[in-house]
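First the structure, in the form of structure tokens, and then the observations on it.
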Amino acid sequence: MNTLHHSREMLYDQFSVGNWLQNLLFYSMITTLIIINLYFIKKKSVSNKKAALPSRLSANELLQILSSSVNETAIAVYSTEDIILEFANDEMMRIWGKNHNVTGKPMEEELTGLKAPSFLSVLKSVWATGENLKNRDTPYMLEINGEQQTGYFDVEYRTIKDQTGKTLYLIHTVTNVTQNYLKHEALKQNVDTLKADLIALKQELMYTGEELELSYVNTDRSNNMLLEALDCFSTKIELASTGYWSVNLQTQEFSLSENGKVIYGVPKGAKLTLADGLRMIDKENQSEVIDAIEETIKNGTRYVKNYKINPLDGSEPKWVKSSGKAHYNEEGIALALSGSFLLTQS
Numbered sequence: 007m008n009t010l011h012h013s014r015e016m017l018y019d020q021f022s023v024g025n026w027l028q029n030l031l032f033y034s035m036i037t038t039l040i041i042i043n044l045y046f047i048k049k050k051s052v053s054n055k056k057a058a059l060p061s062r063l064s065a066n067e068l069l070q071i072l073s074s075s076v077n078e079t080a081i082a083v084y085s086t087e088d089i090i091l092e093f094a095n096d097e098m099m100r101i102w103g104k105n106h107n108v109t110g111k112p113m114e115e116e117l118t119g120l121k122a123p124s125f126l127s128v129l130k131s132v133w134a135t136g137e138n139l140k141n142r143d144t145p146y147m148l149e150i151n152g153e154q155q156t157g158y159f160d161v162e163y164r165t166i167k168d169q170t171g172k173t174l175y176l177i178h179t180v181t182n183v184t185q186n187y188l189k190h191e192a193l194k195q196n197v198d199t200l201k202a203d204l205i206a207l208k209q210e211l212m213y214t215g216e217e218l219e220l221s222y223v224n225t226d227r228s229n230n231m232l233l234e235a236l237d238c239f240s241t242k243i244e245l246a247s248t249g250y251w252s253v254n255l256q257t258q259e260f261s262l263s264e265n266g267k268v269i270y271g272v273p274k275g276a277k278l279t280l281a282d283g284l285r286m287i288d289k290e291n292q293s294e295v296i297d298a299i300e301e302t303i304k305n306g307t308r309y310v311k312n313y314k315i316n317p318l319d320g321s322e323p324k325w326v327k328s329s330g331k332a333h334y335n336e337e338g339i340a341l342a343l344s345g346s347f348l349l350t351q352s
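Numbering (this note's numbering), first residue to last: 7 to 352.
Take a look at the structure:
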């Protein structure tokens with residue numbers, strides 16, 4: 007899941023890094039032009055509140071340079087605390103649904119058609135504080151050519167100050183990232199769907215794994231019976247002194263091979279539980295065997311123990327040497343125990 011999250015982030019970074027580099031280029035270009043021209047700035051016209059553009063470059067020359075936007079990055083430059091629009095390129099005008107007739111006018115008068123009431127307050131706040139601001143994937147409901155449209159934009163506000171720290175200009179850039187944003191959201195939705203599918207698949211595999219594990223235990227039991235059949239080729243002493251056992255930890259069913267039932271004195275057809283099997287162990291050895299079983303379930307180690315049993319049919323006690331091991335599913339949960347035993351003298 008960390009690899010998708012990482013793949014998703016890598017893909018999203020590919021969407022945004024190009025815009026970031028281009029914005030950096032624009033800011034460097036614009037800032038350099040404005041700083042150079044600040045040395046030659048004319049006095050502001052008090053009558054119409056419009057700041058005169060720097061005179062080192064002509065207005066047309068400066069605007070022509072600023073208009074050379076690439077990758078559809080919108081740029082606007084404002085002056086004075088009344089947020090008078092000094093310049094906006096064609097892309098910014100397109101976003102606003104305005105034309106260049108608004109240039110030189112306070113934005114408060116010209117933004118009435120834009121459904122972005124917080125936009126003007128942001129401009130005034132950045133101008134007043136002098137603190138730059140950058141917002142990513144910002145949604146705006148705009149009225150463009152009479153139609154309501156929602157777009158997503160990377161928006162940055164950057165101030166140009168004089169040597170005393172007074173704000174002279176506010177540079178505003180907007181990069182339309184709607185397509186990238188929608189691609190990212192679709193990718194995120196696909197990742198969420200994939201995660202849900204993987205969880206469902208994992209649960210299905212766990213269920214299947216448990217069934218396969220139980221099938222394996224039953225097969226192992228069948229193999230034990232096969233080993234008993236092979237014992238027919240050995241001497242009767244070996245056949246009479248060995249047996250096999252298994253425990254289903256889900257149902258607590260305790261099973262013995264046919265010869266094992268004879269050794270433990272279990273009647274044919276009798277159904278036993280693990281508790282029944284433990285009760286047949288002599289009290290002096292019960293705790294030792296229980297500890298060995300718990301240890302093998304916990305650590306997966308195979309155990310071998312000597313202990314005395316009291317057969318269920320009341321026959322005389324016997325000593326057996328028994329081994330056992332646990333069987334687990336893919337989650338590490340013990341599903342069964344199985345092993346073999348043989349009669350000993352003590």
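Think of the CB as a built atom: it goes at the ideal place given N, C-alpha and C, for glycine as much as any other residue. Note that this is a predicted model, so its numbers are computed, not measured.
Glu-294 versus Leu-200 - alpha carbon distance
The sequence position of residue 294 within the sequence shown is 288, counting from 1. The sequence position of residue 200 within the sequence shown is 194, counting from 1. When rounded, the distance between both Cα atoms is 50 Å.
Is the separation between the beta-carbon of Ser-193 and that of Val-253 shorter than 8 Å?
One-based indexing of the sequence shown puts residue 193 at position 187. One-based indexing of the sequence shown puts residue 253 at position 247. The sequence given here places Leu at residue 193; Ser does not occur at that position. The answer is no: Cβ separation not under 8 Å.
Rounded to whole angstroms, what's the CA-CA distance from Ser-124 to Lys-189? Just pull it up for me.
Walking along the sequence shown from the start, residue 124 turns up at place 118. Walking along the sequence shown from the start, residue 189 turns up at place 183. Cα-Cα distance, rounded: 27 Å.
When burial is assigned at 16 or more other CB atoms within 10 Å of the CB, is Asp-319 buried or exposed?
Residue 319 sits at position 313 when you count from the first residue of the sequence shown. It is exposed - the Cβ of Asp-319 has fewer than 16 other Cβ atoms within 10 Å.
Burial state of Ile-89 (16 or more Cβ within 10 Å)
Start at 1 with the first residue of the sequence shown, and residue 89 comes out as number 83. By the 10 Å Cβ count, Ile-89 comes out buried.
With a threshold of 8 Å on Cβ separation, who are the neighbours of Asn-230 within its own chain once the five nearest residues in sequence on each side are excluded?
Mapped onto the sequence shown, residue 230 falls at position 224. For Asn-230, the predicted model reports a pLDDT of 42, less than 50, meaning its position is unreliable and no value from the coordinates is stated.
Just to check my reading of the structure: Glu-115 and Leu-126 have Cβ atoms closer than 8 Å, yes? What is that Cβ distance to the nearest angstrom?
Residue 115 sits at position 109 when you count from the first residue of the sequence shown. Residue 126 sits at position 120 when you count from the first residue of the sequence shown. That pair is no contact at about 10 Å.
Val-132 - DSSP class collapsed to helix/strand/coil
Indexing the sequence shown from 1 puts residue 132 at position 126. The answer is helix: DSSP assigns Val-132 an H, G or I state.
For a test of the three-state rule: what should DSSP assign to Glu-290, helix, strand or coil?
In the sequence shown, residue 290 corresponds to position 284, counting from 1. Note: Glu-290 maps to helix in three-state DSSP.
Using alpha carbons as the reference points, say which of Gly-152, Ala-134, Asn-138, Phe-159 lies closest to Met-98.
To locate residue 98, count along the sequence shown from 1; it is residue 92. Here the closest residue by C-alpha is Phe-159.
Given 8 Å, three or more beta-carbon pairs between the region 323 to 341 and the region 285 to 304:
yes
Using a Cβ-Cβ cutoff of less than 7 Å, which residues in the same chain neighbour Lys-172 once the five nearest sequence positions on both sides are dropped?
As a working note, residue 172 is residue 166 in the sequence shown. Cβ neighbours of Lys-172 beyond the five flanking positions: none.
Excluding the five sequence neighbours on either side, which residues of its own chain have a C-beta within less than 8 Å of the C-beta of Gly-157, listed in chain order?
As a working note, residue 157 is residue 151 in the sequence shown. Only Ile-101, Pro-145, Tyr-146, Leu-148, Asn-182, Thr-184 meet the Cβ criterion.
Considering just the uninterrupted stretch of the beta strand (DSSP E) at Val-180, what are its terminal residues?
As a position in the sequence shown, residue 180 is number 174, starting the count at 1. Residues 173 to 182.
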